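I have placed the structure first, in the form of structure tokens, so that the comments after it can refer back to it.
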Amino acid sequence: GIQVEQSPPDLILQEGANSTLRCNFSDSVNNLQWFHQNPWGQLINLFYIPSGTKQNGRLSATTVATERYSLLYISSSQTTDSGVYFCAVLIKAAGNKLTFGGGTRVLVKP
Amino acid sequence: EPEVTQTPSHQVTQMGQEVILRCVPISNHLYFYWYRQILGQKVEFLVSFYNNEISEKSEIFDDQFSVERPDGSNFTLKIRSTKLEDSAMYFCASTTREGGTEAFFGQGTRLTVV
Chain A
59 GIQVEQSPPD
69 LILQEGANST
79 LRCNFSDSVN
89 NLQWFHQNPW
99 GQLINLFYIP
109 SGTKQNGRLS
119 ATTVATERYS
129 LLYISSSQTT
139 DSGVYFCAVL
149 IKAAGNKLTF
159 GGGTRVLVKP
Chain B
60 EPEVTQTPSH
70 QVTQMGQEVI
80 LRCVPISNHL
90 YFYWYRQILG
100 QKVEFLVSFY
110 NNEISEKSEI
120 FDDQFSVERP
130 DGSNFTLKIR
140 STKLEDSAMY
150 FCASTTREGG
160 TEAFFGQGTR
170 LTVV
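Heads up: the protein sequence lines correspond to chains A and B, in order.
Last residue of the first sequence: 168 in this note's numbering, with the numbers rising by one and none dropped.
Last residue of the second sequence: 173 in this note's numbering, with the numbers rising by one and none dropped.
What follows is the structure, encoded as structure tokens:
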């Protein structure tokens with residue numbers, strides 16, 4: 059089956075620090091999305107990024123589809139960035155559904 | 060900005076009771092999904108729905124589960140006889156077309172079975 063591996067599993071940051079989260083996947087993807095799950099459990103769409111680079115404020119993401127990985131960058135982290143970050147991929151050959159990674163739990167300390 | 064809305068945000072139910080979780084997908088979307096997240100675990104696919112029928116389902120989606128689009132706007136997930144292990148966060152999602160497009164998720168319904 060499809061493998062989606064995220065690293066690191068846990069990350070503790072001091073406010074203001076930068077960080078990089080990684081998502082490795084086992085097959086060529088048709089869709090890749092990054093989500094932030096906030097403390098209330100809501101999934102917030104961050105990026106739809108099957109390839110290339112996108113930026114949204116202090117967050118940016120890069121997907122290198124040929125090498126089967128995606129990176130999420132958090133710059134100048136704030137306490138509100140705390141939560142779990144999920145990567146999810148869709149591979150058409152495996153069906154029309156997203157397969158989620160295990161997530162990276164981020165804690166930003168003031 | 061259009062969004063997927065889910066109700067209720069939190070539901071507590073007795074074991075063995077039936078529950079219906081409701082979703083209003085984005086209006087011009089054609090594909091609808093339910094996902095589930097047991098506390099502390101990853102998000103898992105349950106079922107996809109297109110053209111008024113199930114297009115795909117996971118092994119989790121057994122006979123206790125059913126989905127319906129009763130009218131032009133709502134999309135529901137019914138659990139016939141809830142079990143303790145059905146306690147989870149349930150997410151509804153929708154897309155404009157099959158595969159390769161951005162999926163938009165609702166805010167989730169937290170189901171607690173006691």
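The beta carbon of each residue, even a glycine, is placed where N, CA and C say it ideally should be.
Since the model is a prediction, treat every value here as computed from it, not as a measurement.
Review point. Does B:R128 get closer than 8 Å to chain A when you measure Cβ to Cβ?
Key: No, its Cβ sits nowhere closer than 8 Å to a Cβ of chain A.
Review point. From A:K150, A:L79, A:Q100, pick the residue whose C-alpha is nearest to that of B:F164; which is it?
Key: Of the candidates A:K150, A:L79, A:Q100, the one whose C-alpha sits nearest the C-alpha of B:F164 is A:Q100.
Review point. Under a CB-based cut-off of 8 Å, is B:Y92 close to chain A?
Key: Under the 8 Å criterion on CB atoms, B:Y92 is classed as interfacial with respect to chain A.
Review point. What distance in whole Å lies between the Cβ atoms of A:N89 and A:I126, which are believed to be in contact at a cut-off of 8 Å?
Key: In the sequence as displayed, the identity of residue 126 of chain A is Arg instead of Ile. At roughly 14 Å, the Cβ-Cβ gap does not stay under 8 Å, so A:R126 and A:N89 are not in contact.
Practice item. Name the residue from A:N154, A:T111, A:V122 whose alpha carbon lies nearest to the alpha carbon of A:I60. Key: Checking every option, the nearest Cα to that of A:I60 belongs to A:N154.
Review point. Going by other Cβ atoms of all chains shown within 10 Å of its Cβ, with 16 needed for buried, is A:A151 buried or exposed?
Key: Exposed is the call here.
**Study point:** Spatial distance of B:S114 from A:A75 (CA atoms)
**Key:** Each residue's Cα considered, the two are about 44 Å apart.
Review point. Fully enclosed by the segment 64-135 of chain B, which beta strand (DSSP E) runs are 3 residues long or longer?
Key: 64-66, 69-72, 78-83, 90-96, 103-109, 112-116, 124-127, all fully within the segment 64-135 of chain B.
Exercise for review: Buried or exposed for B:G99, please, with buried defined as at least 16 other CB atoms from any protein chain shown within 10 angstroms of its CB.
Suggested key: Under this definition B:G99 is an exposed residue.
Review point. Taking all protein chains shown into account, do 16 or more other C-beta atoms lie within 10 angstroms of the C-beta of A:G115, making it buried, or fewer, making it exposed?
Key: A:G115 is exposed by the Cβ-count criterion.
**Study point:** Chain-ordered residues of the segment 147-160 of chain A with a beta carbon less than 9 Å from chain B
**Key:** Going along the segment 147-160 of chain A in chain order, one finds L148, I149, K150, G153, N154, K155, L156, T157, F158, G159, G160 with a Cβ nearer than 9 Å to chain B.
Review point. Under the DSSP definition of a beta bridge, which residues are partnered with B:R169?
Key: B:R169 pairs with B:H69, B:M148.
Practice item. Determine the DSSP secondary structure at A:E125, reduced to helix, strand or coil. Key: DSSP, reduced to helix, strand and coil, places A:E125 within a helical segment of the structure shown.
Check your understanding: Taking three-plus beta-carbon pairs below 8 Å as touching, is the segment 124-142 of chain B in contact with the segment 138-145 of chain A?
Key -> When C-beta atoms of the segment 124-142 of chain B are compared with those of the segment 138-145 of chain A, fewer than three pairs fall below 8 Å, so the two segments do not count as touching.
Practice item. Taking B:V71 and B:C151 to be in contact with their CB atoms under 8 Å, please state how far apart those CB atoms are, rounded to whole angstroms. Key: B:V71 to B:C151, Cβ: 19 Å. No contact.
Review point. From A:G160 to A:S118, what does the alpha carbon distance come to, in whole angstroms?
Key: Separation of A:G160 and A:S118 (C-alpha to C-alpha, rounded to the nearest whole angstrom) is 20 Å.
Check your understanding: So which residues on chain A does B:S107 lean against when the C-beta distance must stay under 7 Å?
Key -> The contacting residues are N154, K155.
Review point. Expressed to the nearest angstrom, what Euclidean distance is found between the alpha-carbon atoms of A:Y106 and A:Q91?
Key: Cα atoms of A:Y106 and A:Q91: separation of roughly 5 Å, rounded to the nearest angstrom.
Review point. When Cβ atoms are compared, which residues of the segment 147-166 of chain B fall closer than 9 Å to chain A?
Key: So the close ones are M148, F150, A152, T154, E157, G158, G159, T160, E161, A162, F163, F164, G165, Q166.
Check your understanding: Using the rule of at least 16 other Cβ atoms within 10 Å of the residue's Cβ for burial, across every protein chain shown, is A:P97 buried or exposed?
Key -> The residue in question, A:P97, is exposed, as its Cβ has fewer than 16 Cβ neighbours within 10 Å.
Exercise for review: Kindly say whether B:R95, judged by its beta-carbon, lies nearer than 8 Å to any beta-carbon of chain A.
Suggested key: B:R95 does not count as touching chain A.
Practice item. Following the continuous beta strand (DSSP E) through A:W98, name the residue where it begins and the one where it ends. Key: Premise fails: A:W98 is in no beta strand (DSSP E) and is neither H nor E.
**Study point:** Contact belief for B:S68 with B:T168 at Cβ below 8 Å, rounded distance in angstroms
**Key:** About 6 Å separates the beta carbon of B:S68 from that of B:T168, a gap short enough to meet the 8 Å contact definition.
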